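**Q** One structure coming up, written as structure tokens, with questions to follow.
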């Protein structure tokens, strides 16, 4: 039951982002409904720039320990991302920032390039001054500004084939959902100044899910995208406790998803999250890393190797210095298999005293 609750905490958070992503990747003298629908599912072309941000204004969990852990993870509660997509060249670049962690993932030329900055900043943030474990700063610095290149053949997937199928599937779903939204009750689209909003209802979920699964069934290659009846039923149940409000700002051309509400049985006492997205055509190209800017898996492994903290090392050195030289040499011989846990500087200090 607990696993099911955590599963749906993630699902309810991701539902709005999915709608935004689908609309964004695909791309006034009118009624609020038609203005909203055209904007939310606009086709911005094959070469686009998408800016996405998420703000967690409040997220209160029923479990105190989970709340404490969540607070340490959320930090300021803000995250941002910029995405460049060039469908003709089959290139995608995602640059993101969350708390102190920033980095990018680039997909091009049948390879995925993972930013070393992501690894370096994530590992560095984990190494606190009070911890008995640290990491080699020089090894971490080697990752910064570099990319780990992973070939699609390493993991048995084909970027060209997969992306073409995804694009075709997204366009088909977008077309189906435009038809659905244009049939929704016009009164459900509220206009306040520059902002038009629509609250997602259980009836909407049924309609959109049916259309979505019809597209899934239209081609064998889409089968893996199926949304199950249980998922649809669960989401409709959660809409009784949570509000999902889609918004469009006619002035800023931004799309939003606002998620509010709470359900103690699911572990969420209260939540207030706003996701904002803006997609437009662009001439900005994806920068594919050069060979000189790539790193190997061994470089990453070296950076991820835990090292002894200075505090722990100094404690060992206090005893080590009191040993006779013969005992120091014997100790160094015994510790050869554990050398990776010492920084280069620490190991050199011990070697010097053993000579």
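In my numbering, the protein residues as written are -18 to 336. The beta-carbon is built from N, C-alpha and C at its ideal position, and this holds for glycine as well. These numbers were taken from a predicted model, which means no experiment stands behind them.
Of the choices 53, 174, 71, 99, whose alpha-carbon is the least far from that of residue 128?
**A** As a position in the chain shown, residue 128 is number 147, starting the count at 1. Comparing Cα-Cα distances from residue 128 to each of 53, 174, 71, 99, the minimum goes to 99.
**Q** Would you tell me roughly how many angstroms separate the C-alpha atoms of residue 335 and residue 325, rounded to the nearest one?
**A** In the chain shown, counting from the first residue as 1, residue 335 sits at position 354. In the chain shown, counting from the first residue as 1, residue 325 sits at position 344. Answer to the nearest angstrom: the Cα atoms are 15 Å apart.
**Q** Since I believe residue 230 is in contact with residue 18 (beta carbons under 8 Å), could you give me their beta-carbon distance rounded to a whole number of angstroms?
**A** The residue you call residue 18 lines up with position 37 of the chain shown. The residue you call residue 230 lines up with position 249 of the chain shown. Residue 18 to residue 230, Cβ: 15 Å. No contact.
**Q** Taking the beta carbon of residue 319 as the centre, do at least 16 other beta carbons fall within 10 Å, making it buried, or is it exposed?
**A** Here residue 319 corresponds to residue number 338 of the chain shown, with the count starting at 1. Residue 319 should be labelled exposed.
**Q** Are the segment 12 to 28 and the segment 177 to 194 touching by the rule of at least three beta carbon pairs closer than 8 Å?
**A** Yes, they touch.
**Q** Quick one: what does DSSP say residue 186 is sitting in, helix, strand or coil?
**A** Looking up residue 186 in the chain shown gives position 205. Residue 186 falls in the helix class under three-state DSSP.
**Q** DSSP has residue 252 in a bridge; who is on the other side?
**A** By 1-based counting over the chain shown, the position of residue 252 is 271. 40, 242.
**Q** Identify, in the order they occur along the chain, each residue of the same chain with its Cβ nearer than 7 Å to the Cβ of residue 118, setting aside the five sequence neighbours on each side.
**A** Mapped onto the chain shown, residue 118 falls at position 137. Same-chain partners within the cutoff: there are none.
**Q** Between the alpha carbons of residue 96 and residue 225, how many angstroms are there, rounded?
**A** For the purposes of this step, residue 96 is taken as residue 115 along the chain shown, with counting starting at 1. For the purposes of this step, residue 225 is taken as residue 244 along the chain shown, with counting starting at 1. Using only the alpha carbons, I get a separation of about 33 Å.
**Q** Run the CB neighbour count on residue 305, radius 10 Å, all protein chains shown included, and call it buried at 16 or more, exposed below.
**A** Residue mapping note: residue 305 aligns to position 324 of the chain shown, counting from 1. It counts as exposed.
**Q** Does the beta carbon of residue 221 sit closer than 7 Å to a beta carbon anywhere in chain B?
**A** The displayed structure is made up of one protein chain only, and chain B is not part of it.
**Q** Counting only the same chain and skipping the five closest in sequence on each side, list residues whose C-beta sits under 7 Å from that of residue -3.
**A** Here the question's residue -3 lines up with position 16 in the chain shown. The pLDDT assigned to residue -3 is 49, lower than 50, so where the model puts this residue is not dependable, and the model offers no usable value.
**Q** One question on the structure: do residue 222 and residue 244 come within less than 7 Å of each other, judged by their Cβ atoms?
**A** Against the chain shown, residue 222 aligns to sequence position 241. Against the chain shown, residue 244 aligns to sequence position 263. Contact flag set, yes.
**Q** Taking the straight line between their C-alpha atoms, what separation do you get for residue 44 and residue 219?
**A** For the purposes of this step, residue 44 is taken as the residue at position 63 of the chain shown. For the purposes of this step, residue 219 is taken as the residue at position 238 of the chain shown. One C-alpha to the other measures close to 19 Å.
**Q** How big is the Cα-Cα spacing for residue 28 and residue 89?
**A** Taking the first residue of the chain shown as 1, we reach residue 28 at position 47. Taking the first residue of the chain shown as 1, we reach residue 89 at position 108. Taking the straight line from one Cα to the other gives about 14 Å.
**Q** If you follow the alpha helix (DSSP H) that residue 295 is in, where does it begin and where does it stop?
**A** In the chain shown, residue 295 corresponds to position 314, counting from 1. Residue 295 -> alpha helix (DSSP H) spans 291 to 301.
**Q** Rank 327, 104, 75 by C-alpha distance to the C-alpha of residue 286 and give the top, closest one.
**A** Translated into the one-based positions of the chain shown, residue 286 becomes position 305. That would be 104, whose Cα lies nearest to the Cα of residue 286.
**Q** Taking only three categories from DSSP, how would you classify residue 209?
**A** What you label residue 209 is simply residue 228 of the chain shown in a count that begins at 1. In this structure, residue 209 counts as coil in the three-state DSSP scheme.
**Q** According to DSSP, what are the bridge partners of residue 235?
**A** Position 254 of the chain shown, counting from 1, holds the residue named residue 235. The partner list for residue 235 (beta bridge, DSSP) reads 230.
**Q** Mind checking who residue 262 pairs with in its DSSP beta bridge?
**A** Locating residue 262 in the chain shown gives position 281, counting from the first residue. Answer is 29.
**Q** How would you call residue 247, buried or exposed, if buried means at least 16 neighbouring beta carbons within 10 angstroms?
**A** Position 266 of the chain shown, counted from the start, is the residue given in the question as residue 247. By the neighbour-count rule (16 or more Cβ atoms within 10 Å), residue 247 is buried.
**Q** In whole angstroms, what separates the C-alpha of residue 58 from that of residue 79?
**A** One-based indexing of the chain shown puts residue 58 at position 77. One-based indexing of the chain shown puts residue 79 at position 98. About 8 Å.
**Q** Taking only three categories from DSSP, how would you classify residue 257?
**A** As a first step, residue 257 must be located in the chain shown, where it is residue number 276. In this structure, residue 257 counts as strand in the three-state DSSP scheme.
**Q** Secondary structure at residue 4, three-state DSSP: helix, strand or coil?
**A** The residue you call residue 4 lines up with position 23 of the chain shown. In this predicted model, residue 4 has a pLDDT of only 46, less than 50, meaning its place in the structure is not dependable enough to derive any value.
**Q** For the putative contact between residue 254 and residue 37, defined by C-beta atoms under 8 Å, what is the C-beta separation to the nearest angstrom?
**A** Counted from its first residue, the chain shown places residue 254 at position 273. Counted from its first residue, the chain shown places residue 37 at position 56. With a Cβ gap of about 5 Å, residue 254 and residue 37 count as contacting.
**Q** Enumerate in chain order the residues of its own chain whose CB-to-CB distance from residue 274 is below 8 Å, with the five nearest sequence positions on each side excluded.
**A** Position 293 of the chain shown, counted from the start, is the residue given in the question as residue 274. Cβ neighbours of residue 274 beyond the five flanking positions: 126, 127, 128.
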